[in-house]
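Data block below; observations after.
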Amino acid sequence: MVFTSHKPIPLGKFSFNVSFHKFHVTRPKRAGCNKIYEIRRSKSFFFELVDPSTNTNDIHLKIHTNDYHMNSTPISYSSTCSFPNLKFQISKMLQHFFSHQKVIPRSIQKKYFNLIRSNLLDRYFLVKSRADKVAQRNSRTKTFFNFSYKRYRFYFGIFTPCNFLTSDNSGTNHTQMCCVPSPFIMSYNRRACISHHKNLDIFQNIKKPLPLSTNNVNNKWLHATLTYKQWHQNVRKHVYSNRLGISYDVSYLANGRNVLRTNKNFRMYRKRFDNFLSHHSDSSKRSKRQKSRFQRACRSVFHDRGNNDKFNRYADTLKEKLHRAKHQCFLFLPSQYIKKSVHHLKYYKRPSPRDEKHYNFPIPVGLTEPLDAKAVLAEDLEPPPRPYPGNDSISTSNSHLSATTSQPILLKEENTWHDKLGIWIPNDLFPYVTEEPVYISNRQAKIKGQQYEPGCIYWLNGIRKRKEAHELAVRLQKEREAWDVNRLAHEEELANRAKLWCTSSNRVEYRENMCKDLTEFQDHFHKKITKLTERRSVLHNRLTQKKNVYKTNKQLLQLEQELGLFNIEYFSVMDDRESHYRYKGHTSDDAKQLELRPHKRLPIPNTDRHITEVKKLRLDILSPEDSKVFVFP
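Using our numbering, read the sequence shown as starting at 9 and increasing by one per residue.
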């Protein structure tokens, strides 16, 4: 029997090559995923990994790039096995990439090497998972990710070739596979480069048409009848938006003669939107998201983003917000209501448009108005009544003459009817409407000249300015009264404090501040000198116990010298920029009378001398006699 022995291969003897392979796109686009083909601001590097199913011993790893400054000469790397795994392949390819560029320093390479390798490995499995899917969807997975350092941008990705057929530029009919990297991959292994993106198969989700039943009736008579029943029965539909977290009511109103006479559009009904409520009270995530969406919708309406005008400005005042909300049929206040016309039901343009015999469906005429809806539709079907205090009906007799001249009761709606002017006036402006006219300018007001017509927009603006001036005067009067009350209270407090100091209220704060500063300075002085006195007591105790006599005497003499030189400047502790130091004021005669101390003792008891001696102060500099005390033996 013959035994054959195989010689083991030493470790590190397997090798493979790594090189750069350059690709080019004729007309790259910078939008979306196509930014990987643009070479001015960024560089792309796609790693072509070798799968174990290739069954080849000659391994050549390629890095596809659009950077033409890279050297395409292959470099050999050693391995301990005949076929390296994916992680080892990515590591060597990253090592090859970092060795051929000079913009990223070595410290940054070491810091982000593991991160880039991990992201590339994850991207490989993401691309493979998306390519193996068989779902009929158009979802995309990018084959690359971004990496930036300062002003340098890199795109690292997994190489997935386009694989569409492309013609040769030599003029022959020879075709070959496109090897340009694809920026994305889809299910069923669909991918394409920028040049062959138009050839990509896209699933069209077309729903099958449902056969309509021939038994359903869908005509104008049916819609008109349903609308009439909802108006006649006063049906209110409650609408709740789960996305915005709001709710409101919708009801139908019938247009009366006044509305038809004013608008000339002959529409039968209007929708009324009211009873707005927001449900953003709790602090849950759902409520916060609903509130965020509702605020975003409010900003969109107030900015009037539906209009293509570039010079739209934000609605600042409440009036502008209500105007834009009404224009776009948007509710945002509980007291707000909007009326929107129903366009598909109109009266015929005839001498008698409300005649029922001209229609094959019921119409809202005056005889068929519901009794429970008259209060809601009063302003639409007939002029509203004018309520007065103490009188429910309109009377022109002399007995009720005084009632007609009194202030009318403001309605719950936004407008109230003015009896003398015969116009509707907003409730907030009604108390400011007087017999005084609104002039077009201040000069015309002086000469009693031209006036605005009551009810026009300029007249309402004048009344609104009158209201603002009145509110400003009331606010200033309240502030002035509050300031007077605070001033009197402060003066009374100063007078009470001045009695304790036996001075006037003008100098009590000066006296208090000076006393406060002096107390703080004394506390600071005591705190500093206490350390020295306590130290002296300790040294005396050592001398009494006869411990280290020579050293203790030396320390005691030094301590006595420090006590003799101890001094703290007053303004080194206190701030001389305080008001009671910068301006001491003038002592009035009243203050002198209050601060007079008749029983105060004189400096010397001898009253025969005409000149009072001043106490001699000690000098800060030690005299020669004093310095002898601190001379060391």
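Glycine included, each C-beta is placed from N, C-alpha and C at the ideal position.
Between Val188, Phe338, Leu353 and Lys334, which lies nearest to Gln303 when the distance is taken from Cα to Cα? With distances taken between Cα atoms, Gln303 lies closest to Phe338.
Take Lys30 as the anchor and find which of Tyr120, Asp282 and Phe167 has the nearest alpha-carbon. Phe167
Please state whether the Cβ-Cβ distance between Thr183 and Ser195 is less than 8 Å. For the 8 Å CB-CB criterion, Thr183 and Ser195 do not form a contact.
Once DSSP output is grouped into helix, strand and coil, what is the label at Gly165? Strand at Gly165.
Supposed close pair Trp239, Phe369 - CB separation, criterion 8 Å: About 13 Å separates the two Cβ atoms, so there is no contact after all.
Please say whether Pro92 and Ser665 have beta carbons closer to each other than 8 Å? No answer is possible for residue 665: it lies beyond the span of the chain, which begins at 9 and ends at 641.
What does a CB cutoff of less than 8 Å around Lys357 pick up in its chain, not counting 5 residues either side in sequence? Cβ within range, chain order: Phe274.
Where do the ends of the alpha helix (DSSP H) carrying Arg426 lie? Residue 426 is actually His in this sequence, not Arg. Element bounds for His426: not the alpha helix (DSSP H) but the beta strand (DSSP E), Asn423 to His426.
For the structure I just gave you, are there three or more beta carbon pairs, one from the stretch 501–510 and one from the stretch 453–473, closer than 8 Å? Result no; under three Cβ-Cβ pairs closer than 8 Å.
Hey, out of Asn271, Val258 and Glu528, whose CA is closest to Arg280's CA? Val258
C-alpha distance - Leu429 paired with Arg269, whole-angstrom precision: 21 Å
Which residues in the same chain have their Cβ closer than 6 Å to the Cβ of Trp509, if we skip the five residues on either side of it in sequence? Within the same chain, Trp509 has close Cβ partners Val516 and Arg519.
Taking the alpha carbon of Arg550 as the point to measure from, which residue in Lys539, Gln563 and Thr538 has its own alpha carbon closest? Of Lys539, Gln563 and Thr538, the residue nearest in Cα terms is Gln563.
Please list the terminal residues of the continuous beta strand (DSSP E) segment that includes Lys30. Phe22 to Lys30
Own chain, CB closer than 7 Å to Tyr85, minus 5 neighbours either side, in chain order: Excluding its 5 nearest sequence neighbours in each direction, Tyr85 has C-beta neighbours in its own chain below 7 Å: Ser23, Phe24, Val26 and Lys100, listed in chain order.
Given a cut-off of 8 Å on the beta-carbon distance, is the pair Thr235 and Tyr260 in contact? In this structure, Tyr260 lies closer than 8 Å to Thr235 by Cβ.
Might you give, ordered along the chain, the residues of its own chain that have their beta carbon closer than 8 Å to the beta carbon of Gln459, omitting 5 neighbours on each side? These residues qualify, in order along the chain: Pro445, Val446, Tyr447, Ile448 and Gln452.
Less than 8 Å between the C-beta atoms of Gln529 and Tyr578, yes or no? Before going on, a small fix: residue 529 reads as Phe here, not Gln. Yes; because the gap between Cβ atoms is below 8 Å, this pair is in contact.
If Ile202 sits next to Val33, beta carbons under 8 Å apart, how far is it from one beta carbon to the other, in whole angstroms? 6 Å
Cβ shell of Leu252 (< 8 Å), same chain only, five flanking positions each side left out: Gln298, Arg301, Phe302 and Ala305
In the DSSP assignment, the alpha helix (DSSP H) including His548 goes from what residue to what residue? Where His548 is concerned, the enclosing alpha helix (DSSP H) stretches over Val516 to Thr552.
Can you tell me whether Lys70 is buried or exposed, with buried defined as 16 or more other CB within 10 angstroms of its CB? Looking at its Cβ environment, which holds 16 or more other Cβ atoms inside 10 Å, Lys70 is buried.
Helix, strand or coil: how does DSSP classify Pro445 here? coil
For Ser343, count the other beta carbons within 10 Å of its own beta carbon; 16 or more makes it buried, fewer makes it exposed. Which is it? exposed
Within its chain, find whatever has a CB closer than 7 Å to the CB of Asp209; leave out the 5 residues flanking it on each side and keep chain order. Arg198
Determine, using beta carbons only, whether His287 and Ser255 come nearer to each other than 8 Å. yes
Endpoints, the alpha helix (DSSP H) within which Ile98 is located: Leu94 to Phe106
Would you report the Cα separation of Ala481 and Arg472, rounded to the nearest angstrom? 14 Å
Can you find the residues in the same chain that come closer than 8 Å, C-beta to C-beta, to Cys186, ignoring five residues on each side of it along the sequence? Pro169, Cys170, Asn171, Phe172, Leu173, Thr174, Cys201, Ser203 and His204
Looking at C-alpha atoms only, which residue of Phe533, Leu330, Ser115 and His104 is the closest neighbour of Ser580? Phe533
Taking 8 Å as the cut-off, decide whether the C-beta atoms of Phe106 and Leu128 are in contact. no
Per DSSP, what kind of secondary structure is Val142 in: helix, strand or coil? coil
Cα-Cα separation between Met582 and Lys608, rounded to whole angstroms: 30 Å
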